[in-house]
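A short write-up of the structure that comes next.
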Amino acid sequence: MTSINGQCLKDEQLSLLHLKQSLKFNPNTSTKLTTWNSSIDCCGWRGVTCGGGRVIGLDLSNESIAGGIDDSSRLFDLQRLESLNLAFNYFHGRNIPSRFGKLIYLRYLNMSNSGYAGQIPTEISRLVNLVFLDLSSNKYFSGDKSMKLENPNLATLVQNLTLLKELHLDGLNLSAQGNEWCQALSTSLPNLQVLSLSNCFLSGPIHPSLAKLQSLSIIRLDNNNLSAPVPDFFANFSNLRILLFSSCDLQGTFPANVFKVSTLEILDLSYNQELEGNLPDSLHNSSLKTLVLSNTKFSGSLPESVGALVNLSRIELGSCSFTGVIPSSMANLTQLIYLDFSSNMFTGQIPYFQKSKNIFYVDLSHNRLSGEIPSTHCEGHQNLSYIDLRNNSLSGSIPSSLFAIPSLQKVQLSLNQLGGQFPDFSNVSLSLLDTLDLSSNNLEGLIPNRVFDLKRLNVLLLSSNKFNGTIQLDRIQKLSNLTRLDLSYNYVTVESAASSSLSSYPQLNTLNLASCNLTKFPDLSNQSQLTMLDLSENQITGLVPRWIWKVGNGSPVYLNLSHNHLDGLEQPYSVPSLNILDLHSNRLKGRIPNPPPFVTYVDYSNNNFASVIPDDIGKDLLVAIFFSLSNNGLTGVIPKSICNATSLQVLDLSNNDLNGELPACLIERSENLGVLNLRRNRFNSSIPNNFPRHCKLKTLDVSGNLLEGPVPQSLINCNILEVLDLGSNKINDGFPCLLRNIFSLRALVLRNNAFQGSVHCLQKAVKWTKLQIVDIASNEFSGLLPNTVLTKWKAMMQDGNETHDHLKFEVLHLDHLYYQDSIKVVNKGLEMNLVKILTAFTIIDFSNNKFEGPIPDSIGQLRALYVLNLSHNALTGQIPSSFGNLKHVESLDLSVNNLDGMIPLQIASLTFLSFLNLSINHLHGRIPTSTQLQSFSRESFIGNRGLYGPPLTDTDYKVPTSEDTDSDSSSILTSRGFIISAELGFIFGLGIVIGPLIYWKRWRKWYYKQVARVLCNIFTRLNIESRNNRRRAHANRTRRH
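Take a look at the structure:
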């Protein structure tokens, strides 16, 4: 049949009408099929293209077709089709009909995201005239099913398609190795210009054969697991315009010459965390419009030539390792609209973008930028809608010109050093501002009322500044779009009207009013969207109201009422399915509230609960990762049901009055447990010897109990242990050499137990290179000090170059909640509670043992040491001159030993030394003269008969002569022995005289008073010890969020 005047042939029109009738589609959304009817020539129908009266093109994309095309479909009667588009339909995972292979004249075939799934039929490979093929698949259209190429595979599919210029197979499961897919393409598709194989389960490395495809202009290989470098030959693709390699696990160094390909317009290498590289110095003659390198290891400084990228409209360098000053030449980027330099190490001032008139997005957050925000930088940017300068070191005031930008929607300036008054606003009623984050700065003064006239405001964060004054909470009712409000940690007082309810206020999802001087609960009973509520660190008294459990329609996520004066919970109450419940540091008493079901974080610490732990507590902690009952008055035993809480990462029951045995199941099932703190209770068993094979403990603190027996052998399974505190128990064992391979150990506390023997681990290398706190005081250790072991403690040798972080255990990383290490130590003669254990803080306490022999010279290598206590041992020899290397030492106690010789001159150079005790030894000679040593009191030196010079006075010493120098040691012992004999004789004589009256109360008081006076005269050095040497080093775990 022939066409007349270009009209559609009747059989062609009839085939199309039958096709429409068989298709399942929604006529309400169709824009093409609904125009097909017999009264109009088919060549005039939408989506139909004719040539010579025959249908040669059919476009049924986006027609919501759900079925009706199978091997019997009238579609395949259109034998002269050259172009067919079925993209973006919903064929619900059906297989592609094999009869598509009959449409041999097809040059263009697009079935992308059509909902087809399963194996691609072999017949597609017979379409030898194809120039364009798109079989891309998205799970949104195909569901869990997807198209795949197994049999035939990629090589079979393309072997006959030699005319193909564009190949799009994104989302198909190709599962091919690098040499397979590269050679299949390079062998069969010599004319290929566009290659799009994203998310195809391809592997690397990229085979050199791909270099044959010299016509390639678009290469899209993102979201594959190539796990290989980018070959240098990519710089030889002279027609390359678009190169997309994001999320490919690329490795090695990216070839810098690719940046010099003059035709390259779009380059995306983002989310390849192991890919390294630098921007070349010369970027002239580049056509780059989009450059995306975020989340890679690209580093170095930005070259000045970046300003030569005159076509650049989008540049993303977030989360890389770039350094240096942002080039001033960026002011030349007139086409720039989107800039993200966040999370790098850029320094200097904010760059100038005055010529970038169309820029709408600027993110310079999380860098090291300094200086002020110049008001001129904010002028002329009529399209700027997003600016993020968070977490820098910016200072000065916030320019009012910033808020004069009419298009501005989001401003985030938190975590800087900005000061001055709240910025001025103009045209508040016309403002588009929806996010304002000024938190964690130094802003001061009043929060102006006009802030509450920003009617589009969705997020208002002003916490951690120096704002003052009083804010009426009902001001926010003007902000009908507000969902997040944070006024915490200022000097403001937030007041809520007595009769006011937030029912007429905006429906918030986050309300943070921590440290806002609240004295009562604001009425939030009608807040149906509220999921996060923080009223901590206020002065709220009384009971927790029942309605608080019903906010957010009974589904709150986060509730923090800590650090108030709450007495209890209003009865009856039902705790909802909270994720985080924090009631610590109140006055809550009575029975412990059952934790919410499916809770992940519960903190009841620092209250007045005095009950037993409920027997069934474990059933409510099945998914909990943090649970603390520390610092209460709990009694009884640990219920075995707590062993069912197998997801716990932190369990803190410290500082209570719990007793009994440590449940063996608590240790055995603790494969997820990172912190176990049971200190200061009355547990009286041994430590169970069943630590699991994959133990994840980082902190184990059982100090201050009545535990006995040895250190369990299975503790070696805890190979990431950082803090081990067994202090103040009755543990009887040798030095725990079994832990020698735990290289992560940072704090080892064994003090006040019954440990004995040598501390040498013979023929066994100790790997405690991170050890920074060693407290083995008040035991029965003996022998020589460990010279070799000391040289392994590398953390104490860092000479002040260490990072000043602190020990902590992250609990909820996304919520920035962590369990923080703290410790009590005796430093400078005083017991101190260090709220944070800085990784720079180092201490060695070997006092009150039976060590003998000389002090090893190797101690002088511990240049980062802050505290050293070797007192109350039997050490001999001289004080090593290497002590002069301890430049950071603040506390040094060598008292009550048998040390002799002179005080080394090098000690006089320890400028940080603020506590020194060398008393009760056999030192002699003049005390070295220095401002530092003469600043100490006489108690630091007394009891050394041969020692003289300031700060000792004439009554403390006799200047030695040549005749009596040699007899110092024996005379000291003789004189001390005489005094002790005489005074003891007095005590016993006095006791005999008044013995018959010892039960007479008045005489008894007088007698004991005299005994105390005499003992003080005898043991003066013990008084010195009591004042200056009370060392208590045991871990004290607290939580911070």
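Residues 714 to 1754 in the working numbering are what the sequence shown spells out, letter by letter. Beta carbons are placed, not taken as given, at the ideal position from N, Cα and C, and that holds for glycine. Fair warning: this is a prediction, and the values are worked out from it, not measured in the lab.
Residue span of the beta strand (DSSP E) that contains residue i, given as start and end
i            : result
residue 1597 : Counting along the chain, residue 1597 falls outside any beta strand (DSSP E), and DSSP gives it neither H nor E.
residue 723  : Premise fails: residue 723 lies in the alpha helix (DSSP H), 723 to 735, not in any beta strand (DSSP E).
residue 1254 : 1254 to 1257
residue 879  : 879 to 881
residue 1036 : 1034 to 1038
Buried/exposed call for residue i, threshold 16 Cβ in 10 Å
i            : result
residue 1411 : buried
residue 1509 : buried
residue 1043 : buried
residue 879  : buried
residue 927  : exposed
residue 1328 : exposed
residue 841  : exposed
residue 1502 : buried
residue 1130 : exposed
residue 753  : exposed
Element boundaries [alpha helix (DSSP H), containing residue i]
i            : result
residue 893  : 891 to 901
residue 1380 : 1377 to 1381
residue 1503 : 1500 to 1503
residue 1266 : 1264 to 1267
residue 869  : 867 to 871
DSSP state of residue i mapped onto helix, strand, coil
i            : result
residue 802  : coil
residue 1426 : helix
residue 861  : strand
residue 1125 : strand
residue 776  : coil
residue 1483 : coil
residue 824  : coil
residue 1615 : coil
residue 1278 : strand
residue 783  : coil
residue 1152 : coil
residue 1027 : strand
residue 1009 : coil
residue 961  : coil
residue 713  : Not covered by the structure: residue 713. The range shown for the chain is 714 to 1754.
residue 1507 : helix
residue 1223 : strand
residue 1651 : helix
residue 693  : What is shown of the chain runs 714 to 1754, which leaves residue 693 out entirely.
residue 765  : coil
residue 720  : coil
residue 1359 : coil
residue 686  : Look at the range of the chain in this structure, 714 to 1754, and you will see that residue 686 is not part of it.
Residue i versus residue j: straight-line alpha-carbon distance, rounded
i            : j            : result
residue 1156 : residue 1135 : 7 Å
residue 936  : residue 983  : 10 Å
residue 1123 : residue 1098 : 6 Å
residue 1631 : residue 1561 : 15 Å
residue 1322 : residue 1304 : 6 Å
residue 1197 : residue 1271 : 14 Å
residue 1240 : residue 1266 : 8 Å
residue 1087 : residue 1112 : 7 Å
residue 921  : residue 789  : 41 Å
residue 716  : residue 727  : Its pLDDT being 36, under 50, residue 716 is placed unreliably in this model, and the value from its coordinates should be taken loosely. Roughly 14 Å separates the two Cα atoms.
residue 1173 : residue 1146 : 10 Å
residue 730  : residue 799  : 17 Å
residue 1558 : residue 1438 : 14 Å
residue 895  : residue 916  : 10 Å
residue 1572 : residue 1504 : 8 Å
residue 1009 : residue 1002 : 20 Å
Cβ-heavy atom distance, residue i to the ligand NAD, below 7 Å
i            : result
residue 1557 : Only the bare structure without any ligand can be found here, which leaves the ligand NAD out of the picture.
Any chain B beta carbon closer than 8 Å to residue i
i           : result
residue 879 : Absent from the structure: chain B. Only one protein chain is present.
Minimum length 3: unbroken beta strand (DSSP E) runs contained in the segment 1307 to 1354: 1314 to 1316, 1339 to 1341
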